[in-house]
Amino acid sequence: MSTTTPPVQPAAPSGSLDISSTPPVPFGRLVRVELRKSLDTRAGRWFAGSIVALCLAIVLITAFAAPDAAQDLGFFLTVSGSTLGYFLPILLILMVTSEWSQRTGLVTFTLEPHRARVVGAKFCAGLLLGLGLIVLAFAIGALGNVIAGGDWEVETGLLVNGFLVANLIGIVLGFAIGMLLMNSPAAIVAYFIYTLVLPIAVGILGAFQEWFADLAPWIEFNTAQASLFEGDAVPTGEELGQLLVSGFIWLVVPFAVGLWRLLRAEPK
Amino acid sequence: MITVEGLTKTYGGFRAVDDVSFVAQPGRVTGFLGPNGAGKTTTMRIMVGLTPPTQGRVTIGGHAYQDIPNPGRHVGVLLDASAQHAGRTGREVLTIGARTMGLPDSRVDEILEMVSLTPAEAKRRVRNYSLGMRQRLGVAHALLGDPSVLILDEPANGLDPAGIRWMRGLLKGYADRGGTVLLSSHLLHEVEQIADEMILIGRGRIVAQGDKKTLLSGQAASSLVTSLDNDALARALSAAGHSASPAGEGLRVDCETAEVGRAALAAGVVLTDLRSGAAGLEDLFLELTADTQREGHPAAATAQGGAA
């Protein structure tokens, strides 16, 4: 210990801290740290890796199994993008909830007591990570098309709406659920209920009640998002309205409430 | 310097911290002592802004914690050594801290050496750490930014005797170089040996504070004595006006040890053991927090050497 004892900063006689020469933690540094934290555990790395592997596997299977006529770049991007879309929100959920489930928030929010900055940095890190995976999913889709020898045709609407926008919505959604529940298992279960059970329930209800089928796209976000995957058909005014209304209910409100909760919660 | 002023925290109708005020001075180790659930951890959490106080305030070196830029460079905090991602390696935990504070990665090696975690241990995941290793890692994390104030919650918990001695040396040295150290514990002997100043807290309220001497002044004199002929010694002591009662294999006498020696000399009794039996800090502590203890403490257990 002789050579490594820390030189304690000489405290002023009054015991006051001189903070004038300490700059605050730059936001970019917080983002880099959050990005590192999302991939520095076996769980984080494996999960991100598994998503990519799964996209690859499903694209390869469809490349060999699907009828040739159906195969073009747009088709493979839909396959790859929707596979990613299922699991990307979970990656975001874990980025947020691990601070609580693994209790690292005690350290994180002590090193940067301005919690809103941490949340902002985490969101940016999640966006960067998600965009990286979206690019990878695009490459995998293109690879599938090379193998299948399909046309290099893709409708711009599908590329932007179904591939990019839908996955970006997934990122925000995962982040919102994570903040809202602050508990990994609960948040993942809630996500699957939202994404798998809810649309089916709404579909069944809609099949029996016509008025509900008309109402569903307005209040159920998954149903409303269907218009994003309809190729070049630009969402009509009504569809856009449905997206905005249901998105407000399922995206904006949970995000706002989750943020409010997280900024006030006491990490234990 | 840490200044706590009129701090109160209530959860519903429960007062976890009740009008607590104290000062932790630079150059001294301040021990924060109390039974489980007395409010130590809540107080420390309020200090670093994790929990908002209901009333009162805490300043560290004259600033609210939230106003300290890059606080890891000024205040080292260890609240719970187990609150680390189980899947990260020890080195990774420290690397994240160092990166956040803007320190070079070489600092991680320095600090690992300081807390005697070997490179092989640093590569293991925290999941596989013993509690003692987690404490070392937690202390390493607190020291990373070379802060001038340390806030440590139960840092000696889970350390083996060698580890406790190491911790003592580390914190003493730290305070001697002008640092402010506040550490909490529910184990009196630990704090008694490290702390220059003690804050005793029970059920959210401070019941006593000061250095050991101040705390113990005013305690009645008492001696514990064992001799080859206790009966004869007891008679001699009674004759000298001191009351002696059996305690274990010897006697407890309500006077200074010198008086007992004198009586034994006069009576020609051979003493085999004579020491001060003045109520120690433990008795004081139990007495002061008696109404806040979970178990009613049996008097016999507090009388030193009583049943032994």
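Taken in sequence, the protein lines are chains A and P.
To convert, take the position in the first sequence, counting from 1, and add 23; that gives our numbering.
To convert, take the position in the second sequence, counting from 1, and add 44; that gives our numbering.
All residues carry an ideal CB built from backbone N, CA and C; glycine is no exception.
Chain P contact residues for A/Phe132, given Cβ-Cβ distances below 9 angstroms: Reading the first sequence from its first residue, position 109 is the one you call residue 132 of chain A. Neighbours of A/Phe132 on chain P, chain order: Val92, Gly93 and Leu94.
Between which two residues does the beta strand (DSSP E) holding P/Thr270 run? For this step, residue 270 of chain P is matched to residue 226 along the second sequence. Counting along the chain, the beta strand (DSSP E) containing P/Thr270 begins and ends at Ser267 to Ser271.
Beta-carbon of P/Ser192 versus every beta-carbon of chain A: anything under 9 angstroms?
-> Counting from 1 along the second sequence, the entry for residue 192 of chain P is found at position 148. Yes - at least one Cβ of chain A is within 9 angstroms of the one on P/Ser192.
By Cβ distance, which residues of its chain are closer than 7 angstroms to P/Ser287, with the 5 residues on each side in sequence left out? Start at 1 with the first residue of the second sequence, and residue 287 of chain P comes out as number 243. The residues are Asp298.
* Keeping to the same chain, check which residues put their C-beta closer than 6 angstroms to that of P/Glu234; ignore five residues upstream and five downstream. => Working through the second sequence from its first residue, we reach residue 234 of chain P at position 190. The answer, listed in chain order, is Ala200.
So, helix, strand or coil for A/Gly180, using DSSP? Along the first sequence, read from residue 1 onward, the residue named residue 180 of chain A stands at position 157. A/Gly180 falls in the helix class under three-state DSSP.
| said: Counting only Cβ pairs nearer than 9 angstroms, list the residues of chain A close to P/Arg143. | reply: Translated into the one-based positions of the second sequence, residue 143 of chain P becomes position 99. Arg52, Arg55, Val56 and Arg59, listed in chain order.
I want to see whether chain A comes within less than 9 angstroms of P/Ala352, judged by CB atoms only; does it? In the second sequence, residue 352 of chain P corresponds to position 308, counting from 1. Caution is warranted here: a pLDDT of 34 is assigned to P/Ala352, below 50, making its placement in the model unreliable, and no coordinate value can be reported.
Practice task
Figure out for me which residue from P/Ser126, P/Arg221, P/Asp220 and P/Leu51 has the closest Cα to the Cα of P/His185.
Solution key: What you label residue 185 of chain P is simply residue 141 of the second sequence in a count that begins at 1. Residue P/Ser126 is the option with its Cα nearest to P/His185.
* Any Cβ of chain A within less than 9 angstroms of the Cβ of P/Asp62? -> To locate residue 62 of chain P, count along the second sequence from 1; it is residue 18. Cβ-Cβ to chain A under 9 angstroms: no for P/Asp62.
Worksheet item: So, does the CB of A/Ala66 fall closer than 9 angstroms to a CB anywhere in chain P?
Response: Locating residue 66 of chain A in the first sequence gives position 43, counting from the first residue. Yes - at least one Cβ of chain P is within 9 angstroms of the one on A/Ala66.
CA-to-CA distance, A/Ala279 to P/Leu214, given in whole angstroms: Mapped onto the second sequence, residue 214 of chain P falls at position 170. Mapped onto the first sequence, residue 279 of chain A falls at position 256. So the alpha carbons of these two residues sit roughly 46 angstroms apart.
* **Span of the alpha helix (DSSP H), counted from its first residue to its last, around A/Tyr214** => Position 191 of the first sequence, counted from the start, is the residue given in the question as residue 214 of chain A. Element bounds for A/Tyr214: Ser207 to Phe215.
Among P/Leu328, P/Leu268 and P/Arg221, whose alpha-carbon lies nearest the alpha-carbon of P/Leu260? Residue mapping note: residue 260 of chain P aligns to position 216 of the second sequence, counting from 1. The residue with the shortest Cα to Cα distance from P/Leu260 is P/Leu328.
Point to revise | Where P/Glu49 sits in the DSSP three-state scheme | key: Counting from 1 along the second sequence, the entry for residue 49 of chain P is found at position 5. In this structure, P/Glu49 counts as strand in the three-state DSSP scheme.
*Is the Cβ-Cβ distance between A/Val268 and A/Ile163 less than 9 angstroms?*
The residue you call residue 268 of chain A lines up with position 245 of the first sequence. The residue you call residue 163 of chain A lines up with position 140 of the first sequence. Their beta carbons are not under 9 angstroms apart, which means A/Val268 does not touch A/Ile163 by this criterion.
| Below 9 angstroms between beta carbons: does that hold for P/Pro191 and P/Gly71? | Locating residue 191 of chain P in the second sequence gives position 147, counting from the first residue. Locating residue 71 of chain P in the second sequence gives position 27, counting from the first residue. Not closer than 9 angstroms, so no.
### Message
Measuring alpha carbon to alpha carbon, tell me which residue in P/Pro148, P/Tyr173, P/Asp153 and P/Ala278 is nearest P/Glu303.
### Response
Here residue 303 of chain P corresponds to residue number 259 of the second sequence, with the count starting at 1. Answer by Cα proximity: P/Ala278.
_Is the separation between the beta-carbon of P/Ile155 and that of P/Leu203 shorter than 9 angstroms?_
As a working mapping, residue 155 of chain P is identified with position 111 in the second sequence. As a working mapping, residue 203 of chain P is identified with position 159 in the second sequence. No, Cβ-Cβ distance for P/Ile155 and P/Leu203 is not below 9 angstroms.
| request: Starting from A/Asp63, find everything on chain P with Cβ-Cβ shorter than 7 angstroms and list it in chain order. | output: Residue mapping note: residue 63 of chain A aligns to position 40 of the first sequence, counting from 1. Arg132 and Glu136, listed in chain order.
Quick one: which unbroken alpha helix (DSSP H) runs of 4-plus residues sit fully inside the segment 33 to 83 of chain A? Chain order, please. 50 to 62
Under 8 angstroms, with one C-beta from each stretch per pair, do the segment 120 to 138 of chain P and the segment 57 to 64 of chain A reach the 3-pair mark? yes
Residues of the segment 104 to 124 of chain P in Cβ contact with chain A at a cutoff of 7 angstroms, in chain order, please. Ile104, Gly105, Gly106, His107, Tyr109, Gln110, Ile112, Pro113, Asn114, Pro115, Gly116, Arg117, His118, Val121, Leu123 and Asp124
TODO: Select from the segment 96 to 124 of chain A all residues with a C-beta closer than 8 angstroms to any C-beta belonging to chain P, and list them in chain order.
DONE: Ser121
- request: Quick one: list the residues of chain P neighbouring A/Leu266, beta-carbon separation under 8 angstroms, in chain order.
  value: Mapped onto the first sequence, residue 266 of chain A falls at position 243. Those do not exist, as A/Leu266 stays about 37 angstroms from chain P at its closest Cβ, beyond 8 angstroms.
In angstroms with no decimal places, state the Cα-to-Cα distance between A/Ala139 and A/Phe235. Against the first sequence, residue 139 of chain A aligns to sequence position 116. Against the first sequence, residue 235 of chain A aligns to sequence position 212. Between A/Ala139 and A/Phe235, the C-alpha separation is close to 39 angstroms.
| request: Determine the closest residue to A/Gly72 out of A/Arg52, A/Leu159 and A/Phe146, with distance taken between C-alpha atoms. | output: Here residue 72 of chain A refers to the residue found at position 49 of the first sequence. The shortest Cα separation from A/Gly72 among A/Arg52, A/Leu159 and A/Phe146 belongs to A/Leu159.
Return the bridge partner residues of P/Val73 from the DSSP annotation. Mapped onto the second sequence, residue 73 of chain P falls at position 29. Per DSSP, P/Val225.
Collapsed DSSP secondary structure at P/Leu123 in the structure displayed: For this step, residue 123 of chain P is matched to residue 79 along the second sequence. Coil, per DSSP.
- Which residues share a DSSP beta bridge with P/Ile238? Indexing the second sequence from 1 puts residue 238 of chain P at position 194. Answer is none; P/Ile238 lacks a bridge partner.
For a test of the three-state rule: what should DSSP assign to A/Ile192, helix, strand or coil? Locating residue 192 of chain A in the first sequence gives position 169, where the first residue counts as 1. Looking at A/Ile192 - three-state DSSP - the assignment turns out to be helix.
*Identify whether A/Val280 lies in helix, strand or coil by the three-state DSSP scheme.*
In the first sequence, residue 280 of chain A corresponds to position 257, counting from 1. In this structure, A/Val280 counts as helix in the three-state DSSP scheme.
Is the Cβ-Cβ distance between P/Val61 and P/Pro97 less than 9 angstroms? Within the second sequence, residue 61 of chain P is the residue found at index 17, counting from 1. Within the second sequence, residue 97 of chain P is the residue found at index 53, counting from 1. Yes, they are a contact pair.
Quiz item: Near P/Asp220, which residues of its chain fall below 8 angstroms by C-beta distance, leaving aside the five closest residues on each side in sequence?
Solution: For the purposes of this step, residue 220 of chain P is taken as the residue at position 176 of the second sequence. Within the same chain, P/Asp220 has close Cβ partners Gly71.
Give the C-beta separation of P/Val170 and P/Arg132 to the nearest angstrom, bearing in mind that I take them to be a contact with Cβ-Cβ under 8 angstroms.
The sequence position of residue 170 of chain P within the second sequence is 126, counting from 1. The sequence position of residue 132 of chain P within the second sequence is 88, counting from 1. Rounded, the Cβ-Cβ distance is 6 angstroms, consistent with contact.
Beta bridge counterpart(s) of P/Arg319 as assigned by DSSP
The count along the second sequence starts at 1 and reaches residue 319 of chain P at position 275. P/Arg319 is bridged to P/Leu268.
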